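What follows is a short report on a single structure.
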Amino acid sequence: MAEFLLEPKADTPFTRALTVAVTGGTGFIGRAVIRRLLQERVHVRALVRKPSPSTCFEAPGLSWIRGELNCEESLRRLVDGASAVIHCAGSVRGACEADFIPANVSGVEKIVKVAGESVDCSRFLHLSSLAARSPELSDYASSKRRGEEVLRSAARDLSWTILRPPAVYGPGDREMLPLLQWIRRGMIFVPGGGAARFSLIFIADLTDAVLTWLTSGAGGGGCFELHDGKTGGYCWEDVREIASDLYRRPIRRIDIPRRALEAAAHLNSAAARVAGYRPMLTPGKVRELCHADWVCDNASFSCVTQWRPKYELREGLLRTLG
Ligand SMILES: NC(=O)c1ccc[n+]([C@@H]2O[C@H](COP(=O)([O-])OP(=O)(O)OC[C@H]3O[C@@H](n4cnc5c(N)ncnc54)[C@H](OP(=O)(O)O)[C@@H]3O)[C@@H](O)[C@H]2O)c1
281 MAEFLLEPKA
291 DTPFTRALTV
301 AVTGGTGFIG
311 RAVIRRLLQE
321 RVHVRALVRK
331 PSPSTCFEAP
341 GLSWIRGELN
351 CEESLRRLVD
361 GASAVIHCAG
371 SVRGACEADF
381 IPANVSGVEK
391 IVKVAGESVD
401 CSRFLHLSSL
411 AARSPELSDY
421 ASSKRRGEEV
431 LRSAARDLSW
441 TILRPPAVYG
451 PGDREMLPLL
461 QWIRRGMIFV
471 PGGGAARFSL
481 IFIADLTDAV
491 LTWLTSGAGG
501 GGCFELHDGK
511 TGGYCWEDVR
521 EIASDLYRRP
531 IRRIDIPRRA
541 LEAAAHLNSA
551 AARVAGYRPM
561 LTPGKVRELC
571 HADWVCDNAS
581 FSCVTQWRPK
591 YELREGLLRT
601 LG
C-alpha cells in the first residue's frame, strides 16, 4: 500500500512563518494532515502520547510534543507559538460512553481552553464526524456532538470551524481497509439489508480541505459537511458496480442481516469487557452501520473556501489498494 504526499513541493518557499499545532498525529487522519502541511512547508507541532520510532516519523519542520489531551500543561507546550490548532485526536472505539468522553468531550474542552488562552493562537479546526448529526445512534456519535457543543461554548475569541467528514478511507487507514481488501478479492459485505445511502471521502481530499481552511482563512464559526463530490452519495450496489468495473471481475454481494450483526456486536462487547480492549463492533456501531442516511453536502464548505474534492470512489480505491 502506497504512502503518498511525502515530498515537500520543490517550488514552495521554505517559510516557517506559519506554525500549526496538530493533535491525533499518530492516527490515520492526523498523520495524513501533518504530511500535507509539511508538504506545503508549514511548521508543525504534533501531540504524541507514547513516542516511538514507528509513530513519530521525522521530517524537517516537524516537532513532536509529548502529552495528552487531558493534561493542560502538555497542551500549553503544544500550542506555544502556533497560530492555529488542528484538532484530529479522538476516540473511535469503545464499549460505553466512558470510553469516548475523555477524548471526544473533555479533551476538546481542554485544548480549546488552552488555545483560547494562548496569545499566539487565533484559529481552531475541530475534526468532528458526520455521526454528530445523529447523536441518538451511539455513544460515539453523541460524544462527537457533545464535543462540538463544548467547542462552541468554550471558544471565546478563537475563530473556530467544525468539519464533519463521513467515512474516510485511504492509505494508512486500518478500520475500513479489511472491507476494501475483501472487495478487491471479489466479495462485498453489506450490513443490515443494504438500504443505506452514504457519502465517503478519500483521505487526500480531506487533507486538502484542512489545508484550504488554513490558507484561505475562511470558515470561522461554521460547521461543514464534506464528501468526495458524489452528490447524493453511494448505495452498496454502486460500490459493488464501481469495484467490479475497476477490478474487471464480478464482486459477490454478501448480505449480513442486522440481527447477526447485533449478535456479533453483543459478543464482541462482552469479550472486550473481559479482555480489556476497546471494541469497534458494538450495538451502537451496528445502529450507525444500518442507519439509512449518511449522505452529506459539500456546498457550504466549497462556497466559503473554494475547496473542490478530486477523488471519487473509483480513483480513491485505486490509490488505496492499487
Ligand atoms: N476515520 C474516519 O473514517 C473518521 C470519519 C469521521 C470523523 N473521524 C474523526 O477523526 C478523528 C481521527 O480519526 P482517525 O480515524 O484518525 O482515528 P485514529 O486513527 O484512531 O487516531 C486517533 C488519534 O487520536 C489520538 N488520541 C486519542 N485519545 C487521545 C488522548 N486522550 N490524548 C491525546 N491523543 C489522543 C490517538 O493517539 P494514540 O496513537 O496515542 O492512540 C491517535 O493519534 C476522530 O476524532 C474521529 O472521530 C474519523
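Letter 168 of the sequence shown, counting from 1, is numbered 448 in the numbering used here, and no numbers are missing.
Glycine included, each C-beta is placed from N, C-alpha and C at the ideal position.
Remember, predicted model here, so these are calculated numbers, not experimental data.
Any chance the CB of Phe-308 is under 6 Å from a heavy atom of ligand 1? Yes; taking the cut-off as 6 Å, the Cβ of Phe-308 has a heavy atom of ligand 1 nearer than that.
Using a threshold of 7 Å, state whether the C-beta atoms of Val-392 and Ala-434 are closer than that. Yes, they are a contact pair.
Helix or strand or just coil, what does DSSP make of Arg-466? Strictly speaking, residue 466 in this sequence is Gly, with Arg absent from that position. DSSP places Gly-466 in the coil class of the three-state scheme, outside both helix and strand.
Taking the alpha carbon of Glu-455 as the reference point, which residue from Arg-373, Arg-316, Val-470, Lys-330 has its own alpha carbon closest? It is Arg-373.
Between the CA atoms of Ile-483 and Glu-353 - distance to the nearest angstrom: Distance between the alpha carbons of Glu-353 and Ile-483: 31 Å.
Please find out if some non-hydrogen atom of ligand 1 comes closer than 6 Å to the beta-carbon of Ala-297. Exclusion of Ala-297 from the 6 Å shell around ligand 1 follows from its C-beta lying no nearer than that to any non-hydrogen atom of the ligand.
Leaving out the 5 sequence neighbours to the left and right, which residues in its chain are closer than 7 Å to Arg-346 when beta-carbon positions are compared? Same-chain partners within the cutoff: Val-328, Pro-331, Ser-354.
For Arg-594, is the classification buried or exposed, using 16 other Cβ atoms within 10 angstroms of its Cβ as the cut-off for buried? Its Cβ having fewer than 16 others within 10 Å, Arg-594 is exposed.
Suppose the cutoff is 6 Å on Cβ atoms and the five residues either side in sequence are ignored; what does the same chain contact list for Ser-408 look like? Answer for Ser-408: Lys-424, Glu-428, Ile-442, Arg-444, listed in chain order.
Thinking C-alpha only, which one of Gly-564, Gly-450, Lys-510, Ala-572 is nearest Glu-377? Closest option to Glu-377, Cα to Cα, is Gly-564.
For Leu-491, name the three-state secondary structure that DSSP assigns. Three-state DSSP puts Leu-491 in a helix.
If we ignore side chains and look at the alpha-carbon of each, how far apart do Gly-602 and Gly-450 end up? Rounded to whole angstroms, the gap between the alpha carbons of Gly-602 and Gly-450 is 11 Å.
Can you list, in chain order, the residues of its chain with a C-beta nearer than 6 Å to that of Pro-415? Leave out the 5 residues immediately preceding and following it. The answer, listed in chain order, is Ala-421, Ser-422, Arg-425.
Is Ser-409 near ligand 1 - that is, is its Cβ less than 6 Å away from at least one heavy atom of it? Indeed, a heavy atom of ligand 1 lies less than 6 Å from the Cβ.
Using 8 Å for Cβ pairs, my map puts Gly-310 next to Cys-368. What's the rounded Cβ distance? That pair is a contact at about 4 Å.
When the Cα of Leu-457 is compared with those of Leu-298, Ile-314, Leu-597, which residue comes out closest? The shortest Cα separation from Leu-457 among Leu-298, Ile-314, Leu-597 belongs to Leu-597.
For the beta strand (DSSP E) containing Gly-427, list its first residue and its last residue. Under the DSSP assignment, Gly-427 falls outside any beta strand (DSSP E), being part of the alpha helix (DSSP H) whose first and last residues are 419-434.
Going by the beta-carbon positions, is the gap between Val-430 and Glu-389 smaller than 7 Å? Cβ atoms of Val-430 and Glu-389: closer than 7 Å.
Nearest to His-571 by CA position, among Ala-475, Leu-491, Gly-513, Glu-517, is which residue? It is Ala-475 whose Cα lies nearest to the Cα of His-571.
Are the Cβ atoms of Phe-337 and Gly-452 separated by less than 7 Å? Between Phe-337 and Gly-452, the CB-CB gap reaches or exceeds 7 Å.
Classify His-546 as helix, strand or coil using the three-state DSSP reduction. His-546: helix per DSSP, three-state reduction.
Would you say Arg-329 touches ligand 1, meaning its beta carbon is less than 6 Å from a heavy atom? For Arg-329, the shortest separation between its Cβ and any heavy atom of ligand 1 lies below 6 Å.
Tell me the rounded alpha-carbon separation between Ile-536 and Asp-437. Each residue's alpha carbon lies about 48 Å from the other.
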